[in-house]
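**Q** The listed protein sequences correspond, in order, to chains X and Y. In terms of this note's numbering, the numbers along the first sequence are unbroken and rise by one, the last being 147. In terms of this note's numbering, the numbers along the second sequence are unbroken and rise by one, the last being 147.
Protein chains: 2
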Amino acid sequence: MKARPYSSIISRLRKSGLRPTRQRIGLSELLFEGGNKHVTAEGLFSQATERSLKVSLATVYNTLHDFTRVGLLREVGIDSSVRYFDTNVTEHQHLYFEDSDKLLDIDPDENIICKRPSFSGGKVVRRIDVVVRVAG
Amino acid sequence: MKARPYSSIISRLRKSGLRPTRQRIGLSELLFEGGNKHVTAEGLFSQATERSLKVSLATVYNTLHDFTRVGLLREVGIDSSVRYFDTNVTEHQHLYFEDSDKLLDIDPDENIICKRPSFSGGKVVRRIDVVVRVAG
DNA sequence: GTGATTGCAAATCTTTTGCACTAAA
DNA sequence: TTTAGTGCAAAAGATTTGCAATCAC
Numbered sequence: 012m013k014a015r016p017y018s019s020i021i022s023r024l025r026k027s028g029l030r031p032t033r034q035r036i037g038l039s040e041l042l043f044e045g046g047n048k049h050v051t052a053e054g055l056f057s058q059a060t061e062r063s064l065k066v067s068l069a070t071v072y073n074t075l076h077d078f079t080r081v082g083l084l085r086e087v088g089i090d091s092s093v094r095y096f097d098t099n100v101t102e103h104q105h106l107y108f109e110d111s112d113k114l115l116d117i118d119p120d121e122n123i124i125c126k127r128p129s130f131s132g133g134k135v136v137r138r139i140d141v142v143v144r145v146a147g
Numbered sequence: 012m013k014a015r016p017y018s019s020i021i022s023r024l025r026k027s028g029l030r031p032t033r034q035r036i037g038l039s040e041l042l043f044e045g046g047n048k049h050v051t052a053e054g055l056f057s058q059a060t061e062r063s064l065k066v067s068l069a070t071v072y073n074t075l076h077d078f079t080r081v082g083l084l085r086e087v088g089i090d091s092s093v094r095y096f097d098t099n100v101t102e103h104q105h106l107y108f109e110d111s112d113k114l115l116d117i118d119p120d121e122n123i124i125c126k127r128p129s130f131s132g133g134k135v136v137r138r139i140d141v142v143v144r145v146a147g
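1. Counting only beta-carbon separations shorter than 7 Å, does V145(Y) have a partner in chain X?
2. Sort out for me which residues DSSP pairs A146(X) with in a bridge.
3. Which residues of the stretch 111-131 of chain Y have a Cβ closer than 9 Å to any Cβ of chain X? Give them in chain order.
4. With a threshold of 7 Å between beta carbons, is G133(X) in contact with chain Y?
5. Applying the 10 Å Cβ sphere with the 16-neighbour rule, what's the burial state of R25(Y)?
6. Starting from D118(X) and walking both ways along the alpha helix (DSSP H), at which residues does that stretch end?
7. Would you mind telling me which residues of chain X sit closer than 9 Å to V136(Y), beta carbon to beta carbon, in chain order?
8. Just reading off the beta strand (DSSP E) that R85(X) is part of, what are its end residues?
9. Exposed or buried, what is R80(Y) when buried is set at 16 or more other beta-carbons lying within 10 Å of its beta-carbon?
10. Looking at chain Y, is there any beta carbon in it that lies within less than 7 Å of the beta carbon of G54(X)?
11. Residues in its own chain within less than 6 Å of A59(X) by CB, not counting five upstream and five downstream?
12. Below 6 Å CB to CB, which residues in the same chain sit around D97(Y) once its five sequence neighbours on both sides are set aside?
13. P119(X) and H103(X) - do their beta-carbons sit closer together than 7 Å?
14. Quick one, which of V135(X), T101(X), V142(X) and S129(X) has its alpha-carbon nearest L115(X)'s?
15. Out of curiosity, what's the CA-to-CA distance linking E53(X) and L68(X)?
16. Excluding the five sequence neighbours on either side, which residues of its own chain have a C-beta within less than 7 Å of the C-beta of S27(X), listed in chain order?
17. In or out: G37(Y) buried (at least 16 other Cβ within 10 Å) or exposed?
18. Using the C-alpha atoms, what's the distance from G46(X) back to S111(X)?
19. Please identify the residue among V135(Y), K134(Y) and E109(Y) whose C-alpha is closest to the C-alpha of K3(X).
See below:
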């Protein structure tokens with residue numbers, strides 16, 4: 012029950028330098044309302060279709076990339092052939108259940124990393140991807 | 012200068028339950044001689060062609076999967092659209108240079124992980140994938 | 001021989017692209 | 001109006017599959 016969710020989506024898009032089009036607003040609702048999510052392009056496209064948001068698959072791809080570029084989304088590298096996007100853009104790690112293909116965030120308090128390597132020569136650690144793969 | 016490298020390749024394949032065919036032997040030489048490597052199917056196929064090993068791309072894919080299945084290789088999940096295979100099957104982490112697409116093993120002494128989560132209900136941590144992404 | 005392996009070409013699947021059309025500012 | 005964004009259909013890549021030919025045992 013947030014106040015004025017619709018216009019807050021619009022202003023979020025504006026702040027990111029993206030025009031609040033019908034498609035971007037609709038996809039934003041799917042993505043950013045109701046907790047953190049991990050989505051694929053096809054998955055988001057299906058959801059949109061189910062909720063009768065008219066949008067093309069190409070636009071879903073464009074939108075996922077645009078949102079990632081401006082920092083509203085983050086890409087998660089699971090080694091399969093599909094790309095996952097995460098609405099949680101804070102530093103955190105992932106739990107991947109191999110049997111069910113489910114992806115979960117690891118509670119930041121449970122941080123698994125204890126050391127961040129550093130580099131000379133202008134090289135920077137852009138991020139550290141951690142995926143705990145669970146089976147059974 | 013290992014002794015009898017050829018026959019050790021053959022026995023390694025036999026022990027893994029794979030018939031030592033000309034293609035598998037040739038690809039094994041490319042993969043397992045001269046230190047740990049990270050390869051893609053296309054990359055290995057090119058190497059094979061350069062060294063005039065006659066093998067089809069489909070067989071390279073089959074071989075990479077077969078080798079992974081029996082534990083001679085391990086897949087590395089960089090989030091790009093290509094699959095990397097690692098000849099180092101021991102527990103270790105990766106360094107990925109985004110600008111050059113280079114992938115390096117992290118020295119096991121530099122272990123970045125300090126905590127291994129555990130699960131109940133028959134769930135097991137199969138492995139923890141870590142990729143330190145470096146830019147610049 | 002016979003069952004595993006290979007190679008080719010076609011198929012599949014995800015993602016990207018070109019470009020005319022539409023909508024936001 | 002002017003530029004960004006959209007949608008379609010086609011293209012591009014990586015990987016897989018089906019099946020006949022070949023090879024290892």
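Cβ coordinates follow ideal geometry from the N, Cα and C atoms, glycine included.
**A** On the basis of the supplied data:
1. yes
2. V135(Y)
3. I117, E121, N122, I123, I124, C125, K126, R127, P128 and F130
4. yes
5. exposed
6. First-last for D118(X): undefined, no H or E at that position.
7. V143, R144, V145 and A146
8. R85 to V87
9. exposed
10. no
11. V66
12. H49, R85 and V87
13. yes
14. V142(X)
15. 7 Å
16. V81 and L83
17. buried
18. 20 Å
19. Outside the displayed span of chain X (12 to 147) sits residue 3(X), for which this structure offers no information.
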